[in-house]
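Residue numbers for the sequence shown follow this note's numbering, beginning at 9 and rising by one.
The next block holds one structure in the form of structure tokens; read it before the comments.
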Amino acid sequence: MAAGLVWKILPARTAPVVGPDPIAELVPAEIGGMTQWLLIRGADRKAPILLWLHGGPGAAQMPLHSATAALERDFVVVHWDQRGAGKSNPPGFDPLTMTFERFLSDAREVTAQLRERLGDQPLIVLGHSWGTMLGARLVARWPEDYAAYVGVGQQVDEMRAVKLELDWVHEVTPDSYLAAMAPEAFHDHDLYVRLKQAVEAHDGGMNVSLLSLLPRALAAPEYRLSDYRHWLNGANRGSGPMWPEYLQRDLIAEVPLMPVPMLLLSGTQDMNTPVSLVREWADAVEAPRGKRLVVFDASGHAPFLTETAHFVEAVRDFAADVAVETAR
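Here is the structure:
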């Protein structure tokens, strides 16, 4: 235990990657007027870039990046701790800066820095949960800079999702006081958090326990002891600072056209972003360069953790098809 504690207070780093022209960098970058952190890993630095936009806001994916390390064979995978998340959640951070336009602006700066650092190879945006709210609009607004879009647990309309969650909670636990509430009650962020906790407790959320992920997260050399505290602080803050703005987002209305190839990955057991809503947007959105929806029967909100091999295969196959379509 003592050795582990000593190791965790040593400087953060990332392990080498094996490959023909590997890259493995943990980068502090000036983004949006503050230091934000990027983890850049791939077997070939000239491979397509896969920019992973984590969920939350505040639930940084970086300490769990090894779960999908197989993607590093085909992509330069970039995990970005967004403002207010993980290593980018310093003491004194101002949560009032967590606005949707600020996140979009930050993502544009990340894109520019990746271009400068890596080159002009195709850049695919992959969003998870909150990251899909950000990613879908990022790519739709600036399609000239992105080769494709992947949405994992695609957020569509939060209040419509709440209505479906309440119906589900009533079905699985009819005595819950939450099930008796009107959807409008969940404009209160604290009540919304309680609903999410109830959904998670009844296996309608991530469908993977925090306890099972803890060893992997603690083993991540990119995170020091203080980073875990900052991670928890950001994850617990969540969408609170931007809640009124968050509730106004309606993907069907805001993104009727996806101008790049699109892949949506959803778990059948996911009630955070129900498949029925994802399918509704997938059917409605105009996507002249192609769209597909892959449903994971044994997964909830995080198929990359519960059906990892299937997830990696789906992303690889999609990227290969994008490359062929682009070459034409």
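For glycine and all other residues, C-beta sits at the position ideal for the given N, C-alpha and C.
All of these numbers come straight from a predicted model, not from anything done at the bench.
{"Asked": "L61 beta carbon less than 8 Å from that of V133", "Found": "yes"}
{"Asked": "Helix, strand or coil at D183 [DSSP, three-state]", "Found": "coil"}
{"Asked": "Proximity to D211 [Cα-Cα], best of R232, V180 and S220", "Found": "V180"}
{"Asked": "Of the listed residues D114, H309, W45 and F83, nearest to V320 (C-alpha basis)", "Found": "F83"}
{"Asked": "Span of the beta strand (DSSP E), counted from its first residue to its last, around E33", "Found": "I31 to I39"}
{"Asked": "Euclidean distance between Cα positions of R21 and A227", "Found": "12 Å"}
{"Asked": "Span of the alpha helix (DSSP H), counted from its first residue to its last, around A335", "Found": "T316 to A335"}
{"Asked": "Within-8 Å CB hit, P103 to chain D", "Found": "Of the protein chains in the structure, only one exists, and it is not chain D."}
{"Asked": "Start-to-end residues for the beta strand (DSSP E) that takes in G143", "Found": "Here G143 belongs to no beta strand (DSSP E); instead the alpha helix (DSSP H) covers W138 to R149."}
{"Asked": "Residues near R300 in its chain [Cβ-Cβ closer than 8 Å; skip 5 each side]", "Found": "M270, L271, L272 and F326"}
{"Asked": "Rounded separation between L265 and L59 - CA only", "Found": "21 Å"}
{"Asked": "DSSP three-state assignment for K299, whether helix, strand or coil", "Found": "strand"}
{"Asked": "Cβ separation of G40 and A243, assumed to be a contact under 8 Å, to the nearest whole Å", "Found": "Contact doesn't hold; Cβ gap of about 20 Å is too wide."}
{"Asked": "Residues of its chain near D258, where Cβ-Cβ distance is below 7 Å and the 5 sequence neighbours each way are ignored", "Found": "D165"}
{"Asked": "Extent of the continuous alpha helix (DSSP H) run through A243", "Found": "L233 to R245"}
{"Asked": "Whole-angstrom distance between A32 and W251, CA atom to CA atom", "Found": "36 Å"}
{"Asked": "M70 and L47 closer than 8 Å at C-beta", "Found": "yes"}
{"Asked": "Simplified DSSP state of H62, which is helix, strand or coil", "Found": "coil"}
{"Asked": "Counted within 10 angstroms of its Cβ, other Cβ atoms place Q256 as buried (16 or more) or exposed", "Found": "exposed"}
{"Asked": "Inter-residue Cα distance where the pair is G248 and H197", "Found": "6 Å"}
{"Asked": "Nearest-angstrom Cα separation, counted from A148 out to L126", "Found": "23 Å"}
{"Asked": "Beta-carbon spacing of V170, L203 below 8 Å", "Found": "yes"}
{"Asked": "Short Cβ contact (8 Å threshold) for H318 with N280", "Found": "no"}
{"Asked": "Touching by the beta-carbon criterion (3+ pairs, under 8 Å), the segment 229-244 and the segment 84-99", "Found": "yes"}
{"Asked": "Segments of 4+ residues assigned as alpha helix (DSSP H) that fall wholly inside the segment 164-231", "Found": "166-180, 197-209 and 218-227"}
{"Asked": "Distance between beta carbons of G63 and W138, contact taken as under 8 Å", "Found": "5 Å"}
{"Asked": "Residue interval of the beta strand (DSSP E) (run including R49)", "Found": "M42 to G50"}
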